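Before any comments, here is the structure.
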Amino acid sequence: MFFDSWMSLVRTGVVGLCAYVLLVLLLRISGKRTLTKLNAFDLVVTVALGSTLATVLLSKNVTLADGVLAFALLIFLQWAVTWLSARSRKVSRLVKAEPQLVFHRGRFLSAALKAERITEGEILQALRTQGIASTEQVGAVVLETDGSFSVLQNIDAGGISTLTGVSGSEGDTSS
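Residues 1 to 175 (UniProt numbering) are what the sequence shown spells out, left to right.
As structure tokens, then:
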């Protein structure tokens, strides 16, 4: 229960070191986009890579070669889906959520809050985290595709609006 054998420890150490080095190499080859957290799909891939590493380390039934193949497959699939989503709006909509406006010009958007299962208290917490003391200082709050909140203080500054493409805003061009 507490100790199986020295060989088990040696295997975990050697396989762990090799798997870690190979994972880092694969991640470097695949580029920065592989481990971004831009949306839920990216998070799933990151968690799957971690889970695969843990399985390779601790399961005697999974070889290092099996683990490296699993890493390569996950990274390739991530690359393929992001490549396709950058080139096809249909694929992008399939794998990515759209940002949602949840607070605009001094008022909470009730329908959006209900649809996204967000409370007014969670928005107020996001404002406090940004150092904002009053909703009067806020032009808009957007629930981003990765689940984080973006707080915009001045939405009338001119130029290209960062609300372009955000569901529920005047700049929503997805309709």
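Even for Gly, the Cβ is constructed at its ideal location relative to N, Cα and C.
Fair warning: this is a prediction, and the values are worked out from it, not measured in the lab.
Give every residue of the same chain whose Cβ lies closer than 6 Å to the Cβ of residue i, excluding the five residues on either side of it in the sequence, and list them in chain order.
{"i": "residue 22", "result": "68"}
When the Cα atoms are used, what is the spatial distance from residue i to residue j?
{"i": "residue 25", "j": "residue 167", "result": "38 Å"}
{"i": "residue 72", "j": "residue 89", "result": "26 Å"}
{"i": "residue 173", "j": "residue 142", "result": "With a pLDDT of 45 at residue 173, under the threshold of 50, the predicted position of this residue should be treated as unreliable, though the coordinate-derived value follows. Their Cα atoms are separated by approximately 16 Å."}
{"i": "residue 39", "j": "residue 75", "result": "16 Å"}
{"i": "residue 60", "j": "residue 17", "result": "15 Å"}
{"i": "residue 155", "j": "residue 13", "result": "54 Å"}
{"i": "residue 93", "j": "residue 149", "result": "20 Å"}
{"i": "residue 11", "j": "residue 43", "result": "29 Å"}
{"i": "residue 134", "j": "residue 113", "result": "19 Å"}
{"i": "residue 120", "j": "residue 19", "result": "44 Å"}
{"i": "residue 49", "j": "residue 66", "result": "13 Å"}
Can you check DSSP and say which residues form a bridge with residue i?
{"i": "residue 152", "result": "140"}
{"i": "residue 107", "result": "104"}
Using beta-carbon positions only, say whether residue i and residue j come within less than 7 Å of one another.
{"i": "residue 78", "j": "residue 47", "result": "no"}
{"i": "residue 152", "j": "residue 165", "result": "no"}
{"i": "residue 132", "j": "residue 103", "result": "no"}
{"i": "residue 34", "j": "residue 27", "result": "yes"}
{"i": "residue 64", "j": "residue 15", "result": "yes"}
Is there a C-beta anywhere in chain D that falls below 7 Å from the one on residue i?
{"i": "residue 104", "result": "Reference to chain D is not applicable here, since this structure consists of a single protein chain."}
Looking only at its own chain, which residues have a Cβ that is under 7 Å from the Cβ of residue i, when we skip the five neighbours before and after it?
{"i": "residue 82", "result": "33"}
{"i": "residue 85", "result": "91, 92, 95 and 96"}
Whose C-beta lies closer than 8 Å to the C-beta of residue i among residues of the same chain, with five residues either side of it excluded?
{"i": "residue 116", "result": "100, 102 and 143"}
(message) Whether or not the region 91 to 111 and the region 51 to 65 are in contact is what I'm after, with contact meaning three or more pairs of Cβ atoms, one per stretch, closer than 8 Å; do they touch?
(response) no
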